[in-house]
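Visitor: Let me begin by handing over the structure; questions about it come next.
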Amino acid sequence: MAADDTPNQETEDQWILLVDPAWTPESDDARPPEEAVVGGWFVPADGTAQRFEPNPNYEPSSEDSATDPVDATLRLVVQGQAEGDALLATLRDAVLSIAVDEQGEAIVVPSPDDVPSVLAVTAPAHSARLDVPNFREVSTRELAEALPDEGVDVLLNPGAPSSMRLLASALKEAAGPAAAPAPEPPFRAEP
Numbered sequence: 060m061a062a063d064d065t066p067n068q069e070t071e072d073q074w075i076l077l078v079d080p081a082w083t084p085e086s087d088d089a090r091p092p093e094e095a096v097v098g099g100w101f102v103p104a105d106g107t108a109q110r111f112e113p114n115p116n117y118e119p120s121s122e123d124s125a126t127d128p129v130d131a132t133l134r135l136v137v138q139g140q141a142e143g144d145a146l147l148a149t150l151r152d153a154v155l156s157i158a159v160d161e162q163g164e165a166i167v168v169p170s171p172d173d174v175p176s177v178l179a180v181t182a183p184a185h186s187a188r189l190d191v192p193n194f195r196e197v198s199t200r201e202l203a204e205a206l207p208d209e210g211v212d213v214l215l216n217p218g219a220p221s222s223m224r225l226l227a228s229a230l231k232e233a234a235g236p237a238a239a240p241a242p243e244p245p246f247r248a249e250p
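For what it's worth, the numbering used here labels the leading residue of the sequence shown as 60, then goes sequentially.
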């Protein structure tokens, strides 16, 4: 292969979209309507996929349609087709929305098995099931750090076809250890 025949290895920034499996294109170049796009991952030119971003306008074609990777994994765990570790791994980089009151404080309610729990959803499609004043987006790490070591768990996607109470300790484990603070740069002047 001659030097000028080498394929271009550079790529442009792009979005990789996850489309509802029920949507079928009418032609090869058809674009899915916004409500059929579950969400996507932004991939910059260096090829490093960013975390999944759910589409707030996604309308699941059925109750069997997963709303995001965490919801899909949760469904597999509930059906016995995946282990809990798979859910924890998927949660590690997720952004959740927690139910909050008028003052912005997390709402804690009894789970179906009477354990105090923070209400958390994995995508906007699950928010409509809850009658709460508002939601606040948090990373898994932020939620894990805010939870007490015991006594309050997380109810994930309450009211959804697949819902689960996660132990606070399991969520803390999924979030991983807190990152060590970066050392002071060598060029910073002493106070």
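Even glycine gets a Cβ: it sits at the ideal position worked out from N, Cα and C.
Looking at C-alpha atoms only, which residue of N114, A227, F194, L76 is the closest neighbour of V180?
Guide: V180 has its Cα closest to that of F194, out of N114, A227, F194, L76.
Visitor: Below 6 Å CB to CB, which residues in the same chain sit around P217 once its five sequence neighbours on both sides are set aside?
Guide: L178, listed in sequence order.
Visitor: Taking the CB atoms as reference points, tell me whether P183 and D160 lie closer together than 8 Å.
Guide: No.
Visitor: Can you tell me where the alpha helix (DSSP H) holding P169 begins and where it ends?
Guide: No alpha helix (DSSP H) contains P169, which is instead part of the beta strand (DSSP E) from 167 to 169.
Visitor: CB L76 to CB G106, shorter than 8 Å?
Guide: It is not a contact, given that the beta carbons lie outside the stated cut-off.
Visitor: Can you check which of these residues, F111, N116, P103, W74, is closest to E94 by C-alpha distance?
Guide: Closest by alpha carbon: N116.
Visitor: Considering only residues of the same chain and omitting the five flanking positions on each side of V167, which have a CB-CB separation below 7 Å?
Guide: Same-chain partners within the cutoff: P175, S176, V177, V211.
Visitor: Following a CB-centred definition, is D144 positioned closer than 7 Å to any heavy atom of the ligand ATP?
Guide: The ligand ATP is not part of this structure, which contains no ligands at all.
Visitor: Per DSSP, what kind of secondary structure is E204 in: helix, strand or coil?
Guide: E204: helix per DSSP, three-state reduction.
Visitor: Check for me: the alpha helix (DSSP H) holding E196 runs from which residue to which?
Guide: First-last for E196: 193 to 198, but that is the beta strand (DSSP E), not the alpha helix (DSSP H).
Visitor: How about A145 and L135: do their beta carbons lie closer than 8 Å?
Guide: Yes, they are a contact pair.
Visitor: Taking all protein chains shown into account, decide if T132 is buried (16 or more other Cβ within 10 angstroms of its Cβ) or exposed.
Guide: T132 is buried by the Cβ-count criterion.
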